[in-house]
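Enquirer: There's a structure below that I have some questions on.
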Ligand SMILES: Nc1ncnc2c1ncn2[C@@H]1O[C@H](COP(=O)(O)OP(=O)(O)OP(=O)(O)O)[C@@H](O)[C@H]1O
Ligand SMILES: Nc1ncnc2c1ncn2[C@@H]1O[C@H](COP(=O)(O)OP(=O)(O)OP(=O)(O)O)[C@@H](O)[C@H]1O
Ligand SMILES: [Mg+2]
Ligand SMILES: [Mg+2]
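Chains as they are written, first to last, in the numbering used here: chain E, 70 to 331; chain S, 70 to 331; chain X, 6 to 277; chain W, 6 to 277; chain G, 546 to 860.
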C-alpha cells in the first residue's frame with residue numbers, strides 16, 4: 070500500500086457498549102501529497118474521523134493505518150488545527166509555534182542546542198502565512214484571522230507528513246477566510262504536505278481539495294468520493310465559474326439527501 | 070418623510086474626544102417594509118450602526134430618526150437578534166420568548182391578564198420558525214440553530230416595526246444557515262416587518278435583501294447602495310444562477326476595495 | 006476535574022471503566038481510613054500520651070462513651086450554625102446585589118469588607134456577648150459575620166459577568182435598571198450565589214464554635230473548651246471529629262442544592 | 006463590576022465622565038470616613054462606655070499613645086503572616102497540582118480538606134504549641150493551615166478547566182501526562198492561583214493573630230489579648246484597625262501582583 | 546550554660562515580676578542557666594507544655610497538675626516549688642447585687658464561670674466546705690474576655706476567677722472599690738495550694754543541678770519582687786509597654802499579700818509545701834475534680850530541689 074492514511078471498515082462508539090455509535094463501516098484512503106476534504110451533515114462523525122487518524126481514539130472494530138503503521142497510540146507525525154485556535158495565551162506567538170518541538174520526541178532533545186535554527190524555521194513559516202514580524206506578540210494581541218494563521222504555523226513546525234484541519238476557518242469572516250484559503254493552497258503547493266480538511270463549507274472544500282469525501286449522517290461512513298477537476302494553481306475567481314457552482318450544487322444535494330436519510 | 074429609519078450625516082466616536090471614530094458622515098434611509106442588508110469589512114462600524122438605530126448609543130453629530138421620532142433614548146419598537154443567541158438559560162424557550170413583553174411598556178401591564186393570548190402568539194411564532202412543541206424546553210436543550218430560531222421569535226414577539234439582525238447566522242453550519250434564510254424570508258413575506266440585517270456573508274445578503282448597503286472601512290459610511298433585482302419569492306436554487314453569482318462577485322470586489330482603502 | 010482522561014490508547018468501550026468509577030467513589034472512604042490508620046500507627050510509634058494527641062481508636066471510644074452530650078451539643082451547634090448561615094444567605098445576597106448595583110458603592114464598600122475580613126472574629130465575640138448576652142445569639146451572629154463575605158463577593162461577581170449583549174437586547178426594549186437587575190442580574194448571579202454556599206457553611210461552623218468557646222452553656226465549642234480544661238483530650242478530638250463530619254455533611258448538602266438549583270448553569274455554556 | 010454603564014441616553018463623549026471616575030476613586034475613602042463618623046455619632050448618642058465600644062476618636066488616640074508597641078507588634082504579625090502565607094503559597098500550589106493530577110486523588114482528598122476546614126483553627130493551636138513551643142512557629146503554621154485551602158482549590162479548578170482541544174493538540178503529538186501538566190496545566194492554573202492569593206492573605210492574617218492570641222510573647226494578637234485582659238478596649242480596637250489596614254494593604258498588593266502576573270488572562274478570552 | 550525554656554501561667558503581668566526579675570538581674574545566669582521566659586495561656590495549659598518537654602519548666606496550677614497526673618500518672622511533670630501558698634481562687638461579686646464577703650450570700654444568685662477557669666474547677670469542693678446550698682444558683686458559662694464586663698453590667702451577680710485579675714479588671718470597668726466583694730476560697734475553708742513551679746521529670750533527672758540553681762535564682766527574684774515591687778513592675782513593663790504601671794503594681798501587691806507572702810510563708814519560708822496538707826488537698830480534689838485516686842502527694846511535689854530554708858525567707 071502506498072496510502073498515507075488507510076481506514077478500513079472502522080466502527081467507533083463513544084461511552085461504552087450502549088453509547089453513541091459515531092462512525093460505522095468507515096472506509097477511506099488518502100494518498101501521500103493529496104489534499105482531501107471531508108464534508109457531511111453536522112454530528113456525522115467528521116471530528117471523530119480526525120481523532121481516529123491521529124490516534125486520539127482507537128476504534129472498536131476495523132483498521133486504521135497511518136504511514137504504514139497500525140494506529141494504537143497518538144501518532145506524532147501529524148499537525149492539527151481546530152476551529153478554535155487554542156493558542157496558549159501566556160506564550161508569545163513564536164513560543165506557541167515552537168511548542169510542538171518541545172513535545173515531539175525527535176525534536177525535544179535537539180531544541181536547546183539548535184534553537185536558532187528552529188526559530189528561523191518558525192519565522193519562515195510566519196512569513197509564509199503573512200505574519201512576518203508578529204512572532205513576539207501575544208496571541209491575544211492578534212485578530213482571529215491572525216491567530217488562525219499562527220495556528221497553521223504551529224501545526225506545521227515539526228514538519229508533519231500529515232496536516233489535519235478541523236473546520237479551521239469556521240469562526241472567521243468571509244474575507245479573512247478567503248485569504249486563508251489562499252495561504253493553505255500555497256502551503257500545500259510549496260511543502261507537498263498531505264492535508265485532510267474537515268469543513269461545513271462546500272465552497273471551501275471545492276476550492277481547496279483534490280478529493281472530496283461526502284459522509285452520511287451518523288453513524289458516519291463515506292457515501293461518495295469526488296475528484297475535483299479544477300487545475301492548479303487555482304484562483305479565487307474560480308468560485309464564480311459555472312463548473313464550480315455546479316460542483317457545489319451537487320455536493321449540496323448529496324448532503325441534503327444524507328441529512329434527510331437521518 | 071416616509072422613511073422608517075432615517076440616518077443623516079452621523080458621526081459616532083467611542084470613549085471620549087480622542088477615542089475611536091467608529092462611523093463618520095453616515096447617511097442611510099430604510100423604508101417601511103424594506104429588507105435592507107448592511108455589508109462591509111470587519112470593524113467598519115456595522116454593529117455601531119445597529120446601536121445608533123436602536124438608541125443604545127447617541128451620536129455626537131448628525132440625526133437619527135426612527136419612525137418619525139428623534140432617537141435620544143432606546144426605542145422600544147425594535148426587535149434585536151445577535152450572533153450569540155443570548156437566551157437566558159434559566160428560562161424555558163417559551164419564557165425567553167415572552168421576556169420582551171415583561172419589559173416593553175405597552176405590554177407589561179397587560180401580560181398577566183392576557184397571558185393566554187400572548188402564549189398563543191408565541192406558539193404561533195414558534196410554529197412559524199419550525200419549533201412547534203419546543204416551548205417547554207430549556208435553551209441549552211436546543212441545538213445552535215434551534216436557539217437562533219427561538220431568538221428570532223423573541224425579537225418578533227412584541228410585534229416590532231423594525232427587526233435588527235446583527236450577523237444572526239454567523240455561528241451556524243451552512244445547511245442550518247440556509248434553512249434559517251428561508252425562515253427569515255418567509256417571516257418577512259408573512260409579517261411585512263422592516264428588517265435590517267448586518268452580515269459578512271455576501272450570498273446571505275444577496276439572497277435575502279431588497280437593498281444592500283456597502284460600508285467603507287472605519288470610520289464607516291455607506292459607499293454604495295445596491296437594489297437586488299431578483300423577484301420574490303426567491304428559492305435557494307437562485308444561488309447557483311449566474312446573475313446571483315455576478316452580484317456576489319461585484320459586492321466582493323467593492324468590499325475588497327473598501328478594505329484596501331483602510 | 007483532571008486534565009487526563011482515559012482516552013489515549015484504551016478502546017473507548019472498556020471493561021475497567023465501571024471499576025474506575027467505583028475507585029473514584031471509594032476514594033474518600035479509603036483516604037479517610039488511610040488517614041486514621043497512619044494517625045493510629047504514628048501515635049503508637051511515637052508513644053504520644055493521649056492528653057496530647059489521642060489515637061483515633063481512643064477518640065472513637067470517647068465518642069461512644071460521651072455519645073449523649075456529644076449528640077446534644079452537636080445539635081445545638083448545628084442549630085446556631087444553620088441560623089447564622091441562614092442570615093448570611095439572606096444578608097449576603099441582599100448586600101451582594103446592592104453592591105453589584107453600582108460601581109461607586111462597590112468601590113466604596115469593598116475595601117471595608119476586606120478590612121473586616123482580615124479581623125479575626127474571636128476579637129469580635131466579646132463585644133457581641135456584651136451586647137447580646139451569652140448563648141445562641143452571639144454564636145449565630147458570629148456565624149453570620151464570618152460567612153457572609155464569600156456570599157457577597159460571589160453574588161457581586163455574578164452580576165459583573167452579565168453578557169453585555171443580553172443587556173443590550175433588554176435596554177433596546179426600554180428596560181430600566183431595575184428590570185435588568187430582576188430579569189437578568191438576579192437569576193444570573195444565582196449559580197455564583199449557590200456556589201458560594203459551600204464555602205460559607207464551613208465558615209459558619211468555625212464562627213459558631215468560636216463563639217460557643219468564649220460564651221455559651223451548650224454547643225460543641227463549649228463542650229470542647231470544658232473538656233480541654235478537664236484534660237479530657239479524647240473528648241476534645243471527638244468534638245473536632247463531629248465538627249468535621251457536620252461540616253462535610255453540610256458541604257455535601259450545599260453542593261447538592263447547588264446542583265439542583267443551578268442545573269442550567271452546568272448544562273449551558275454559561276458556567277465557565 | 007456593575008450591570009449598568011452610562012451608555013443610555015448620554016452621548017458617549019460626556020464631560021461628567023472624568024468626574025464620575027474620580028467618584029469611584031474617592032469612594033473607598035468616603036465610605037471609610039462615613040463609617041467612622043456614624044460610629045462616632047452612635048457611640049456619643051448611645052453613651053457607650055469605652056470599655057464596650059470605644060469611639061473612633063478614642064481609638065486614634067490609643068494609636069498615637071501606644072504607637073511604639075503597636076508598630077513593633079504589627080511588624081511581628083506582618084512577618085509571621087507573610088512567612089505562613091509564603092508556605093501556603095508553595096504548599097498550596099504543590100498540593101493543588103498534585104490533586105488536579107488525578108481524579109481519584111482529588112475525590113479522596115477533597116472531603117478530608119473540607120472536614121479540616123470546618124474545624125476552628127483555635128483548637129489546633131494548643132497542639133502546635135506543645136510541639137513547637139509558643140511564638141513565631143505556631144503562628145506561622147496556623148497562618149499556613151488556614152490559608153492554603155483556597156489556594157489548593159483554585160489551582161485544582163484551574164487544572165480542571167483546560168480546554169480539551171488544547172490537550173488533544175498536545176496528545177496527538179505524543180505528549181505525556183507530565184508534558185501536558187508542565188506546558189499547559191501549570192501556566193493555565195496561574196490566573197486561578199494568583200486570584201486565590203487575595204483571599205489567602207486575609208486568612209493568613211486571621212491565622213497568625215489567632216495563634217498569637219493564644220501563644221506568643223509578641224505580635225498584634227498578643228497585644229490585643231493582653232489589652233483585652235486589661236480592659237484596655239481602645240487599644241484592642243487600635244489593634245483591630247491596624248490589622249484591617251495591613252489586611253487591605255496586603256490584599257491590594259496581591260491584587261496588583263495578580264494583574265501583573267496574569268495580564269494575559271484578563272486580556273485574553275480565557276479569563277472565566 | 547544549660548538552656549531552659551520556661552512558660553508562665555499567663556501573660557507578662559505584675560505577678561510574674563519574680564520570674565522576670567530573676568532573669569533581668571542575672572540570677573539565672575549566675576547559676577549557669579540560659580532561661581527563656583514565654584507567656585502562657587492559663588495556668589492549666591502550662592502543664593502539658595512542660596510534660597511534653599516543649600518547655601523544661603513552667604508555672605502552673607498544682608490542683609490541675611494533680612488532676613492531670615490522676616488522668617495519666619506516667620506523665621513526665623511534677624511540681625518542685627510552691628509559689629502561691631494560697632490559691633488565688635475567688636468568687637468576686639458586687640455588693641450592690643447582693644453579694645457580700647460571706648459565701649452564703651451567693652445562694653440564689655447567678656454566677657459567671659469560664660469553663661477552663663481554675664477557681665470554677667474548685668466550686669464543687671468549695672460549696673461543700675463553705676456550706677453553700679447551690680440548688681438555686683445558676684451558673685453561666687462565659688469566657689474570660691467577657692467575665693468582668695458582664696459582672697459590671699449586672700448580667701451576672703458574681704464571677705469565678707483569680708482575685709487579683711477580677712478585682713482590678715472590675716475597677717477598670719468603673720466599679721467602685723467598695724462595691725466589690727471578694728470571697729477568697731482559701732479564707733473560707735478551701736485548703737488548697739495554688740500555682741507552683743513545674744519541671745519536666747526527665748529534665749530534672751538529667752539536670753538536677755540546673756533545677757536547683759533555677760529555684761535558687763527564683764527565690765531571689767521573688768524576694769526582690771516582694772521587697773521592691775516597683776522594680777518588679779518595671780521588669781514587666783519592659784516586656785509589655787502597653788500596660789499601666791499603677792495597675793500592675795497594685796496587682797503585684799495583691800498577689801504578694803494574698804498568695805505569696807502568706808503567714809505560713811513568713812514562718813516557714815517560700816516555696817515549700819506541707820506534705821500532709823497536700824495530701825489533704827488531694828482528698829478535697831476528689832470531690833471537686835472527680836479524681837480516680839491514682840496519685841499521691843509525693844508524686845506531685847518533689848521538694849528535693851529546693852534551696853535551704855534560709856535562702857527561701859522572704860523580706
Ligand atoms: N466524547 C464523546 N462522547 C460521546 N459522544 C460523542 C463524543 N464526541 C462526539 N460524540 C458524538 O458522536 C457523534 C459524532 O461526533 P463528531 O464530533 O465526530 O461529529 P462532527 O461531524 O465533527 O460534528 P460537527 O459537524 O458538529 O463538528 C455526535 O453525535 C456526537 O454527539
Ligand atoms: N464600546 C466600544 N468602545 C470603544 N471602541 C469600540 C466599542 N465598540 C466598538 N468599537 C470600535 O469601533 C469600531 C466599529 O465597531 P463595530 O463593532 O461597530 O464594527 P463591526 O463592523 O460590527 O465589526 P464586526 O464586523 O467585527 O462585527 C471598531 O474599530 C471597534 O474597535
Ligand atoms: Mg466536529
Ligand atoms: Mg459587529
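In this text, a Cβ means the ideal position worked out from N, Cα and C, and glycines have one as well.
Being a predicted model, the structure only gives us computed values, none of them experimental.
Could you check if residue 667 (chain G) is buried or exposed, using at least 16 other CB atoms within 10 Å of its CB as the buried criterion?
Expert: Your numbering for residue 667 (chain G) matches position 122 in the fifth chain. Under this definition residue 667 (chain G) is a buried residue.
Enquirer: Can you pull the DSSP bridge partners for residue 294 (chain S)?
Expert: As a working mapping, residue 294 (chain S) is identified with position 225 in the second chain. Per DSSP, S:282.
Enquirer: Taking the CB atoms as reference points, tell me whether residue 598 (chain G) and residue 758 (chain G) lie closer together than 9 Å.
Expert: Here the question's residue 598 (chain G) lines up with position 53 in the fifth chain. Here the question's residue 758 (chain G) lines up with position 213 in the fifth chain. Contact flag unset, no.
Enquirer: With a threshold of 8 Å (Cβ to nearest heavy atom), would residue 131 (chain S) be considered close to ligand 2?
Expert: As a working note, residue 131 (chain S) is residue 62 in the second chain. Incorrect: residue 131 (chain S) has no Cβ contact closer than 8 Å to ligand 2.
Enquirer: Take residue 143 (chain W) as the anchor and find which of W:213, W:263, W:83 has the nearest alpha-carbon.
Expert: Position 138 of the fourth chain, counted from the first residue, corresponds to residue 143 (chain W). When each option's Cα is compared against that of residue 143 (chain W), the closest is W:213.
Enquirer: Spell out whether any CB of chain W is found under 9 Å from the CB atom of residue 147 (chain E).
Expert: On the first chain, residue 147 (chain E) is found 78 positions in, with the first residue counted as 1. Yes, residue 147 (chain E) lies at the interface with chain W (some Cβ there is under 9 Å from its Cβ).
Enquirer: Taking 8 Å as the cut-off, is the CB of residue 109 (chain X) close to at least one heavy atom of ligand 2?
Expert: For this step, residue 109 (chain X) is matched to residue 104 along the third chain. Flag unset: Cβ of residue 109 (chain X) not near ligand 2.
Enquirer: Would the segment 237-251 of chain S count as touching the segment 268-278 of chain S if we require 3 or more Cβ pairs under 8 Å?
Expert: With the cut-off at 8 Å, the segment 237-251 of chain S and the segment 268-278 of chain S touch.
Enquirer: Could you tell me which whole alpha helix (DSSP H) segments of length 4 or greater appear in the segment 233-275 of chain W?
Expert: 238-266, 268-272, all fully within the segment 233-275 of chain W.
Enquirer: Evaluate contact between the segment 56-73 of chain X and the segment 203-217 of chain X, counting only Cβ atoms and requiring at least three cross-stretch pairs below 8 Å.
Expert: The segment 56-73 of chain X is not in contact with the segment 203-217 of chain X.
Enquirer: Which residue marks the beginning of the alpha helix (DSSP H) containing residue 875 (chain G), and which one marks its end?
Expert: With chain G covering only 546 through 860, there is no way to say anything about residue 875 (chain G).
Enquirer: Can you tell me where the alpha helix (DSSP H) with residue 121 (chain E) in it begins and where it stops?
Expert: Counting from one through the first chain, the residue named residue 121 (chain E) turns up at place 52. Its alpha helix (DSSP H) spans residues 115-123.
Enquirer: Give every residue of the same chain whose Cβ lies closer than 7 Å to the Cβ of residue 796 (chain G), excluding the five residues on either side of it in the sequence, and list them in chain order.
Expert: Within the fifth chain, residue 796 (chain G) is the residue found at index 251, counting from 1. 558, 559, 560, 709, 713.
Enquirer: Counting only Cβ-Cβ distances shorter than 8 Å, please list the residues of the segment 97-110 of chain X near chain W, keeping chain order.
Expert: Listed in sequence order: 105, 106, 107, 108, 109, 110.
Enquirer: Could you pull the start and end residues of the beta strand (DSSP E) that residue 171 (chain S) belongs to?
Expert: Here residue 171 (chain S) refers to the residue found at position 102 when the second chain is read from its first residue. Where residue 171 (chain S) is concerned, there is no enclosing beta strand (DSSP E), although the alpha helix (DSSP H) it sits in stretches over 162-172.
Enquirer: According to DSSP, which residues form a beta bridge with residue 150 (chain S)?
Expert: Here residue 150 (chain S) refers to the residue found at position 81 of the second chain. Paired residue(s): S:234.
Enquirer: Measure from the C-beta of residue 141 (chain S) to each C-beta in chain X and report whether the shortest distance is under 9 Å.
Expert: For the purposes of this step, residue 141 (chain S) is taken as residue 72 along the second chain, with counting starting at 1. No, residue 141 (chain S) does not count as interfacial toward chain X.
Enquirer: Which bits of chain W does residue 788 (chain G) rub up against, with CB to CB less than 8 Å?
Expert: Stepping through the fifth chain from its first residue, residue 788 (chain G) is reached at position 243. Residues of chain W passing the Cβ test: 231, 235.
Enquirer: Short check: CB of residue 856 (chain G) to CB of residue 761 (chain G), under 9 Å?
Expert: On the fifth chain, residue 856 (chain G) is found 311 positions in, with the first residue counted as 1. On the fifth chain, residue 761 (chain G) is found 216 positions in, with the first residue counted as 1. Cβ distance < 9 Å, so residue 856 (chain G) and residue 761 (chain G) count as in contact.
Enquirer: Identify the contact partners of residue 693 (chain G) in chain W, using a Cβ-Cβ distance below 8 Å as the criterion.
Expert: Within the fifth chain, residue 693 (chain G) is the residue found at index 148, counting from 1. Neighbours of residue 693 (chain G) on chain W, chain order: 236.
Enquirer: Please classify residue 269 (chain E): does DSSP put it in a helix, a strand, or coil?
Expert: Your numbering for residue 269 (chain E) matches position 200 in the first chain. DSSP places residue 269 (chain E) in coil when its eight states are reduced to three.
Enquirer: Does the beta-carbon distance from residue 284 (chain E) to residue 123 (chain E) come in below 9 Å?
Expert: Taking the first residue of the first chain as position 1, residue 284 (chain E) is located at position 215. Taking the first residue of the first chain as position 1, residue 123 (chain E) is located at position 54. Taking 9 Å as the Cβ cut-off, residue 284 (chain E) and residue 123 (chain E) do not qualify as a contacting pair.
Enquirer: Can you have a look at residue 274 (chain X) and say buried or exposed, based on whether 16 or more other CB atoms are within 10 angstroms of its CB?
Expert: Sequence index remark: in the third chain, residue 274 (chain X) carries index 269 (1-based). For residue 274 (chain X), the pLDDT reaches just 45, beneath the cut-off of 50, and the residue's location in the model is therefore unreliable, although a value from the coordinates is still provided. With fewer than 16 Cβ atoms within 10 Å of its Cβ, residue 274 (chain X) is classed as exposed.
Enquirer: Return the residue from the list X:189, X:198, X:68 that minimises the CA-CA distance to residue 156 (chain X).
Expert: Translated into the one-based positions of the third chain, residue 156 (chain X) becomes position 151. For the residues X:189, X:198, X:68, the minimum Cα distance to residue 156 (chain X) belongs to X:198.
Enquirer: The alpha helix (DSSP H) spanning residue 178 (chain E) covers which residue range?
Expert: Residue numbering aside, residue 178 (chain E) sits at position 109 when the first chain is read from its first letter. Note, residue 178 (chain E): premise wrong, no alpha helix (DSSP H); not H, not E.
Enquirer: Quick one: using the 10 Å Cβ neighbour count with 16 as the cut-off for buried, is residue 106 (chain X) buried or exposed?
Expert: Position 101 of the third chain, counting from 1, holds the residue named residue 106 (chain X). That one is buried.
Enquirer: Is there a Cβ of chain S sitting closer than 9 Å to that of residue 264 (chain X), yes or no?
Expert: Here residue 264 (chain X) refers to the residue found at position 259 when the third chain is read from its first residue. Not closer than 9 Å to any Cβ of chain S, the Cβ of residue 264 (chain X) fails to qualify, so no.
Enquirer: Only counting runs of 4 or more residues, tell me where the alpha helix (DSSP H) segments fall wholly within the segment 605-683 of chain G, in order along the chain.
Expert: Counting whole runs of 4 or more residues, the segment 605-683 of chain G contains the alpha helix (DSSP H) stretches 607-616, 663-666, 668-674.
Enquirer: So, with DSSP's three-state summary, where would you put residue 703 (chain G)?
Expert: The count along the fifth chain starts at 1 and reaches residue 703 (chain G) at position 158. It is a strand residue.
Enquirer: Can you tell me whether residue 229 (chain W) is helix, strand or coil according to DSSP?
Expert: Within the fourth chain, numbered from 1, the residue matching residue 229 (chain W) stands at position 224. If DSSP states are grouped into helix, strand and coil, residue 229 (chain W) belongs with the helices.
Enquirer: So if DSSP puts residue 686 (chain G) in a beta bridge, which residue, or which two residues, is it bridged to?
Expert: Here residue 686 (chain G) refers to the residue found at position 141 when the fifth chain is read from its first residue. G:658, per the DSSP bridge assignment.
Enquirer: Can at least three beta-carbon pairs, one atom from the segment 180-190 of chain X and one from the segment 111-124 of chain X, be found at a separation below 8 Å?
Expert: Result no; under three Cβ-Cβ pairs closer than 8 Å.
Enquirer: Just to make sure I have the definition right: I need the residues of chain X whose C-beta is within less than 9 Å of the C-beta of residue 240 (chain W). Which are they?
Expert: Translated into positions along the fourth chain, residue 240 (chain W) becomes position 235. The premise fails here: residue 240 (chain W) is roughly 12 Å from chain X at the closest Cβ pair, so nothing lies under 9 Å.
Enquirer: Can you give me the C-alpha to C-alpha distance between residue 140 (chain E) and residue 107 (chain E), rounded to a whole angstrom?
Expert: Residue 140 (chain E) sits at position 71 when you count from the first residue of the first chain. Residue 107 (chain E) sits at position 38 when you count from the first residue of the first chain. Distance between the alpha carbons of residue 140 (chain E) and residue 107 (chain E) is about 20 Å.
Enquirer: Tell me, which residues are paired with residue 552 (chain G) by DSSP?
Expert: On the fifth chain, position 7 is the one that residue 552 (chain G) refers to. For residue 552 (chain G), which the question treats as bridged, DSSP gives the partners G:583, G:603.
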